[in-house]
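Per UniProt numbering, residue 1 is the first one in the sequence shown, and the count goes up by one each step.
All residues carry an ideal CB built from backbone N, CA and C; glycine is no exception.
Some notes on the structure that comes next.
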Amino acid sequence: MSSDSTMSSAVDPTASPLVLKGEGIVLRDWLDADLPHMPGLFDAPDIAANTDIPSPFDADAFLVRIRRRRVQGIVDLAVTRDGGQPLGLVALHMASGVLGYAIGPQHRGRGMASRSLRLITRFCHEELGFTRLRLSIVQGNLPSERVAASAGYVRSDDDVVERMNGLGQLKLLETWHWLAPVTSG
Ligand SMILES: CC(C)(COP(=O)(O)OP(=O)(O)OC[C@H]1O[C@@H](n2cnc3c(N)ncnc32)[C@H](O)[C@@H]1OP(=O)(O)O)[C@@H](O)C(=O)NCCC(=O)NCCS
Numbered sequence: 001m002s003s004d005s006t007m008s009s010a011v012d013p014t015a016s017p018l019v020l021k022g023e024g025i026v027l028r029d030w031l032d033a034d035l036p037h038m039p040g041l042f043d044a045p046d047i048a049a050n051t052d053i054p055s056p057f058d059a060d061a062f063l064v065r066i067r068r069r070r071v072q073g074i075v076d077l078a079v080t081r082d083g084g085q086p087l088g089l090v091a092l093h094m095a096s097g098v099l100g101y102a103i104g105p106q107h108r109g110r111g112m113a114s115r116s117l118r119l120i121t122r123f124c125h126e127e128l129g130f131t132r133l134r135l136s137i138v139q140g141n142l143p144s145e146r147v148a149a150s151a152g153y154v155r156s157d158d159d160v161v162e163r164m165n166g167l168g169q170l171k172l173l174e175t176w177h178w179l180a181p182v183t184s185g
C-alpha cells in the first residue's frame, strides 16, 4: 500500500458486501438488478468527458468492469437514498487513495455527490486509516470542484497529469486533496 495509507485496518473494503450509511444516504455494492438503471445514469456526455466511464456506454460490460476492479482493489459503490434505486456511483482506489464520483443527470443538484464524498472520506479515514485522500479533476470541471470543496478538499500543489477520458480524449487533471486533521497527544 502507498504512503497515502498509513495504518493497517481490520476492514477489507474489497470484500463484498460493503454498505456505508450516513449523511442521509446509503452506499452499497452494485447488483445485477441495477443493470436497467445504468444507461440512464452513466450514458451522459459530461460523464464520459470528465471520468473514465466509456462512451458509448455498455451496462453489462460496466458491471463486469466493476467486479473485476474490485478484485484489483478498486471499490465502486452505488449511491442510493435507502439502499434501493441507484442514483450514481463513488469509487475508491485503495492503493492510491484516489476517489471518484458521478451522479445520474436526473438526480443532480440534491447534494448526492457531496454527501457521498463526505461519507466515503470519513470511512476511508476512520475505518481504513487514510490520512490523505485525493481527487483527480479535469481542469475546468466546476461542478466537481464545488463537490470537492463541500467535502473539505482543496486544490493541491501536485503537478497536473494527462489522462484519457471516456471519449478517448486526453485531458489535463488537477489534484485536489483532503488531509486528516492533526490530532495532538
Ligand atoms: C459533478 C457531479 C458529480 C455533481 O453531482 P451533484 O449530486 O449534482 O452535486 P451536489 O448536488 O452534491 O452539489 C455539490 C455542490 O456543487 C455545486 N454544483 C453541482 N452541480 C453544479 C453545476 N452544474 N454548476 C455549478 N455548481 C454545481 C452545488 O451547487 C453544490 O454547491 P454548494 O456545496 O456550494 O451548495 C455531477 O455533475 C456529475 O456526475 N458530473 C459528471 C461526472 C463528473 O464530473 N464527475 C466528477 C469526476 S472528478
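task = State yes or no: is the C-beta of residue 73 within less than 8 Å of the C-beta of residue 79?
result = Mapped onto the sequence shown, residue 73 falls at position 73. Mapped onto the sequence shown, residue 79 falls at position 79. Taking 8 Å as the Cβ cut-off, residue 73 and residue 79 do not qualify as a contacting pair.
Residue ranges of each alpha helix (DSSP H) within the stretch 101-182, 4 or longer = 112-126, 142-150
task = Going by CA-CA distance only, name the one from 166, 136, 69 that's closest to residue 158.
result = In the sequence shown, the residue the question calls residue 158 occupies position 158. Checking every option, the nearest Cα to that of residue 158 belongs to 136.
query = In this structure, does DSSP put residue 87 in helix, strand or coil?
reply = Counted from its first residue, the sequence shown places residue 87 at position 87. In this structure, residue 87 counts as coil in the three-state DSSP scheme.
Which residues DSSP lists as bridging residue 49, in chain order = Taking the first residue of the sequence shown as position 1, residue 49 is located at position 49. DSSP lists no partner for residue 49.
key: residue 135: CB within 7 Å of a non-hydrogen atom of ligand 1   = Position 135 of the sequence shown, counted from the start, is the residue given in the question as residue 135. For ligand 1, at least one heavy atom lies less than 7 Å from the Cβ of residue 135.
task = With DSSP as the reference, please indicate the residues paired to residue 66 in a beta bridge.
result = Counting from one through the sequence shown, the residue named residue 66 turns up at place 66. Answer is none; residue 66 lacks a bridge partner.
task = Give the range of the beta strand (DSSP E) segment to which residue 22 is assigned.
result = In the sequence shown, residue 22 corresponds to position 22, counting from 1. Here the beta strand (DSSP E) through residue 22 covers 19-22.
inquiry  = Would residue 142 and residue 49 qualify as a contact pair, given that the criterion is a beta-carbon distance under 8 Å?
reply    = Sequence index remark: in the sequence shown, residue 142 carries index 142 (1-based). Sequence index remark: in the sequence shown, residue 49 carries index 49 (1-based). No, the Cβ-Cβ distance between residue 142 and residue 49 is not below 8 Å.
message = Just verifying my parser: in three-state terms, what is the DSSP assignment at residue 78?
response = Taking the sequence shown and counting its residues from 1, one reaches residue 78 at position 78. Strand.
message = Please determine whether the Cβ atom of residue 46 lies at a distance below 7 Å from any heavy atom of ligand 1.
response = Residue mapping note: residue 46 aligns to position 46 of the sequence shown, counting from 1. Residue 46: yes, Cβ under 7 Å from ligand 1.
ask   = Using the rule of at least 16 other Cβ atoms within 10 Å of the residue's Cβ for burial, across every protein chain shown, is residue 90 buried or exposed?
value = In the sequence shown, counting from the first residue as 1, residue 90 sits at position 90. Classification of residue 90: buried, given that the 10 Å Cβ count is 16 or more.
Residues sharing a beta bridge with residue 93, DSSP = In the sequence shown, residue 93 corresponds to position 93, counting from 1. 74, 98.
message = Checking 8 Å against the spacing of the C-beta atoms, do residue 125 and residue 154 come in under that value?
response = For the purposes of this step, residue 125 is taken as residue 125 along the sequence shown, with counting starting at 1. For the purposes of this step, residue 154 is taken as residue 154 along the sequence shown, with counting starting at 1. In this structure, residue 154 does not lie closer than 8 Å to residue 125 by Cβ.
inquiry  = Between the alpha carbons of residue 101 and residue 113, how many angstroms are there, rounded?
reply    = Reading the sequence shown from its first residue, position 101 is the one you call residue 101. Reading the sequence shown from its first residue, position 113 is the one you call residue 113. Cα-Cα distance, rounded: 7 Å.
inquiry  = According to DSSP, residue 26 sits in a beta bridge with which residue or residues?
reply    = Taking the first residue of the sequence shown as 1, we reach residue 26 at position 26. Bridge partners of residue 26: 21, 80.
query = In or out: residue 86 buried (at least 16 other Cβ within 10 Å) or exposed?
reply = Residue 86 sits at position 86 when you count from the first residue of the sequence shown. Buried.
key: Cα-Cα separation between residue 75 and residue 150, rounded to whole angstroms   = Residue 75 sits at position 75 when you count from the first residue of the sequence shown. Residue 150 sits at position 150 when you count from the first residue of the sequence shown. The straight-line gap from Cα to Cα measures roughly 22 Å.
key: Spatial neighbours of residue 51 in its chain, beta-carbon cut-off 8 Å, leaving aside the 5 residues before and after   = Counting from one through the sequence shown, the residue named residue 51 turns up at place 51. Contacts found: 100, 102, 165, 166.
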